[in-house]
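There are 2 protein chains.
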Amino acid sequence: MDELNVGLLLFIPYRAMEARVFAALADEGFDDFTPAQARVMQRIGPEGTRMTELAEAAQVTKQTASFLVDQLERSGYVTRTPDPSDARARLVRIADRGRAAQPVAAAAVAEVESEWRAHLGVRDWERLRGALSSLREITDPYR
Amino acid sequence: MDELNVGLLLFIPYRAMEARVFAALADEGFDDFTPAQARVMQRIGPEGTRMTELAEAAQVTKQTASFLVDQLERSGYVTRTPDPSDARARLVRIADRGRAAQPVAAAAVAEVESEWRAHLGVRDWERLRGALSSLREITDPYR
DNA sequence: TCAAGTTAGTTCGAGATGCTGACCATCGTC
DNA sequence: GACGATGGTCAGCATCTCGAACTAACTTGA
Numbered sequence: 036m037d038e039l040n041v042g043l044l045l046f047i048p049y050r051a052m053e054a055r056v057f058a059a060l061a062d063e064g065f066d067d068f069t070p071a072q073a074r075v076m077q078r079i080g081p082e083g084t085r086m087t088e089l090a091e092a093a094q095v096t097k098q099t100a101s102f103l104v105d106q107l108e109r110s111g112y113v114t115r116t117p118d119p120s121d122a123r124a125r126l127v128r129i130a131d132r133g134r135a136a137q138p139v140a141a142a143a144v145a146e147v148e149s150e151w152r153a154h155l156g157v158r159d160w161e162r163l164r165g166a167l168s169s170l171r172e173i174t175d176p177y178r
Numbered sequence: 036m037d038e039l040n041v042g043l044l045l046f047i048p049y050r051a052m053e054a055r056v057f058a059a060l061a062d063e064g065f066d067d068f069t070p071a072q073a074r075v076m077q078r079i080g081p082e083g084t085r086m087t088e089l090a091e092a093a094q095v096t097k098q099t100a101s102f103l104v105d106q107l108e109r110s111g112y113v114t115r116t117p118d119p120s121d122a123r124a125r126l127v128r129i130a131d132r133g134r135a136a137q138p139v140a141a142a143a144v145a146e147v148e149s150e151w152r153a154h155l156g157v158r159d160w161e162r163l164r165g166a167l168s169s170l171r172e173i174t175d176p177y178r
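These protein sequence lines map, in sequence, to chains D and R. Each residue of the first sequence is one higher than the one before, counting from 36 in this note's numbering. Each residue of the second sequence is one higher than the one before, counting from 36 in this note's numbering.
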């Protein structure tokens, strides 16, 4: 059955990647860390990012983003700091534990990517990355 | 920022596809239908599929699959019939309402795919499909 | 300059999702 | 026919997500 729709074809490897990365994180002691939290955390910029921006980027409501950031903050992955330019807003920043988790996650991603690259061949792998990046232009509402 | 990891690059268009398809279904009156249900329902074969197989294919526990099939059955999308070859097992089959929903979903998928094809160009689009199908060989635990 | 509308973020309550554990019925095997 | 394996369900709990309603701070216009 190769007539699976592209939605499912995208979802299957996504799911596989997620499982591998979270297994690796759990192995290294980052066992209190969920996919939902990761989807928000991945969108935090180096200078910190506002709740509202985070919510838009992750495509969840402000409430959900707030809830997930609560958890991330309690676990020490991020901190909330006041935004100097707007007293209503707060900048979410990566905290020490978050910075410690990043290389673990990055290593797991790199491992999976290299397996995929080996399976597809370098040329097709680069094309896949290129096509997905291009698709992002019309499917990522955030940018 | 094009250094997004491939997991996120897969997830973003997946999410976009999902949103479009569910909006189309809701427009046509299939408003009681959730992504989780769809992930199970997509794996039902033409001759019906067992709960256990469904659970494996959708990568959820038997319990979760059972729960989702309950809902699908209550909404009239599927039926459970006895498996003639094993009295313990039950075959989940697409029911009338499920069959009615399929063309609506298929049309929405086709529309999104044609937009993506137009954005990428036919050649790259076919390569993307091919790469994703190939990736499925090593990332779909079911098959 | 200050009232009115907008924007950033939170709290609350509820439904959806998905897990583990415990269980029953049936199958296959020895 | 007894016993372990398999197909499936029920119960209980944690997580994810949303809509509604709210507070505080910003912006705009007369």
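A virtual CB, placed ideally from N, CA and C, is assigned to each residue, including glycine. Just so we're clear, the structure is a prediction, and the values are computed from it rather than from any experiment.
Among the CB atoms of chain D, one or more fall inside 7 Å of the CB of Gln-77/R. Taking a beta-carbon distance threshold of 7 Å, Pro-48/D counts as an interface residue toward chain R. Residue pairing for Asp-67/R: DSSP places it in no beta bridge. In the structure shown, Ile-129/D falls within a strand segment according to DSSP collapsed to helix, strand and coil. Put simply, the CB of Thr-84/R is far from chain D, with every gap to its CB atoms at 7 Å or more. Contact annotation, Tyr-112/D with Met-76/D: C-beta distance approximately 6 Å; criterion of less than 8 Å satisfied. Inter-residue distance for Gln-94/D and Glu-150/R is about 21 Å (C-alpha atoms, whole angstroms). In the structure shown, Arg-134/R falls within a helical segment according to DSSP collapsed to helix, strand and coil.
In the three-state DSSP reduction, Pro-117/R falls in the strand class (E or B). With fewer than 16 other CB atoms across the displayed protein chains lying within 10 angstroms of its CB, Arg-109/R is exposed. Contact annotation for Val-56/D against chain R: Gly-42 [CB-CB distance below 8 Å, chain order]. Counting only the Cα atoms, Gly-42/D lies some 13 Å from Leu-170/D.
Of all alpha-carbon atoms in Thr-96/D, Val-104/D, Ala-142/D, Glu-148/D, the one lying nearest the alpha-carbon of Ala-130/D is that of Val-104/D. Within chain R, no C-beta atom comes less than 8 Å from the C-beta of Glu-88/D; the nearest is roughly 13 Å away. When C-beta atoms of the stretch 155-167 of chain D are compared with those of the stretch 158-169 of chain R, three or more pairs fall below 8 Å, so the two segments count as touching. Collapsing the DSSP output to three states places Thr-87/D in a helix.
For Leu-103/D, the enclosing alpha helix (DSSP H) starts and ends at 97-109. C-alpha of His-154/R to C-alpha of His-154/D: approximately 26 Å in a straight line. Thr-174/D and Leu-107/D have their alpha carbons spaced roughly 27 Å apart. Leu-44/D has its alpha-carbon roughly 16 Å from the corresponding atom of Ala-143/R. Rounded to whole angstroms, the separation of the alpha carbons of Asp-67/R and Lys-97/R is 22 Å.
Using a Cβ-Cβ cut-off of 7 Å, Arg-128/D does not count as an interface residue toward chain R, since no Cβ of chain R sits closer than that to its own. Counting only the Cα atoms, Glu-146/D lies some 9 Å from Arg-55/D. The beta-carbon distance between Leu-60/R and Ala-140/R, rounded to whole angstroms, is 6 Å. This is short enough to meet the 8 Å contact definition. Between Ile-79/D and Arg-128/D the beta-carbon gap is near 7 Å, inside 8 Å, which marks them as a contact. For Arg-162/D, the nearest beta carbon of chain R is closer than 7 Å to its own beta carbon. Cβ neighbours of Arg-152/R within its own chain (closer than 6 Å, five residues either side excluded): Trp-160.
Of all residues in the stretch 91-117 of chain R, only Gln-94 place a beta-carbon less than 8 Å from a beta-carbon of chain D.
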